[in-house]
Amino acid sequence: MGPPDPPPPATVTQPPFITSLQASPGGVSQVSYWVGDWTIVVPVARLLEVVRHLRDAPEAAFDACSDVTVTDWPLRPERFDVIYCLYSTRHRHRVRVKVKAAENDPVPSVTEVWPGANWLEREVYDMFGVNITGHPDRRRILMPEDWQGFPQRKDYPLEGPGELLMENPVDWLKLRQAREEADIE
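Take the numbering used here: the final residue in the sequence shown is number 178, and no numbers are missing along the way.
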């Protein structure tokens, strides 16, 4: 089901930009602190509002989206955690913004806020199949256009599309061994 997002310890002071976001009802679902980095979990419907605030608020000034990535938890109803890594060159601080989305849930593109997120979101779409909406050029970036499936999903077959997905690695090794022996003879 995925690891829990640990709450901040009582000894750590929350930054003002997170406090201002929490003042808006429904803007932040959870705040997490791990190994010196803050994570804000927000509802997907409020993503654009939150990231605009993080870009425009003087105490935040997150002017760079350094990465967009995904974690896949197939057994969870909201399968994907879409994670935006933000950096403020003015204040020299970082934050992660995380939204949870089901397999076909639309996740709005942040390219209107940070144009540099364009290729990052294309990779998220190409590798995981996350439904990024409002993107100016949503097409595959790493895989051929006619590729079937999304290779970074945990349920993607190890040998590529159209191959058998086996639960037991020993069965997979036996099948591979049989193929190799057939090629030798």
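Each residue gets a CB set at the ideal place from its N, CA and C atoms; glycine is no exception. Only a predicted model underlies this, so the values are computations on that prediction, with no experimental measurement involved.
Under 7 Å Cβ to Cβ from residue i, same chain only, skipping five residues before and after it: list those, please.
| i | result |
| --- | --- |
| Q23 | D(-2) and V34 |
Beta carbon of residue i, beta carbon of residue j: below 8 Å?
| i | j | result |
| --- | --- | --- |
| R100 | V5 | At residue 100 the sequence reads Val, which differs from the Arg that was named. For V100 and V5, no; Cβs fall outside 8 Å. |
| G109 | C58 | yes |
| F73 | F121 | yes |
| R115 | R131 | yes |
| R133 | D119 | yes |
| S81 | A50 | no |
| D60 | L113 | yes |
Looking only at its chain, what residues have a beta carbon closer than 6 Å to the beta carbon of residue i, apart from the 5 residues adjacent to it on each side?
| i | result |
| --- | --- |
| E52 | P9 and F10 |
| W31 | V88 |
| V44 | V103 and V106 |
Distance, Cα to Cα, residue i vs residue j?
| i | j | result |
| --- | --- | --- |
| T62 | R169 | 32 Å |
| Q15 | H84 | 20 Å |
| L40 | K167 | 47 Å |
| Q141 | T64 | 20 Å |
| V163 | E96 | 30 Å |
| D56 | P2 | 27 Å |
| E138 | E173 | 31 Å |
| W27 | V21 | 17 Å |
| K91 | L151 | 28 Å |
| Q145 | V123 | 11 Å |
| A171 | I76 | 42 Å |
By alpha-carbon positions, which one of the options ends up nearest to residue i?
| i | options | result |
| --- | --- | --- |
| R69 | K93, G19 and E138 | K93 |
| H86 | G127, S102, G29 and E71 | G29 |
| P18 | E42, W112, A50 and T104 | E42 |
| P0 | T12, S25 and E138 | S25 |
| I125 | Y80, E105 and E174 | E105 |
| H128 | H46, T12 and V117 | V117 |
| L197 | S13, E71 and I76 | Residue 197 lies beyond the stretch modelled for the chain, which goes from -6 to 178, so this question has no answer here. |
Report all residues from its chain with a CB closer than 8 Å to the CB of residue i; omit the five preceding and five following residues, and keep chain order.
| i | result |
| --- | --- |
| G(-5) | T64, W66, R69 and D74 |
| E71 | K93, A94, A95 and D98 |
Scan the stretch 53 to 85 and note each continuous beta strand (DSSP E) run of 3 residues or more that stays entirely inside, going in chain order. 57 to 65 and 73 to 81
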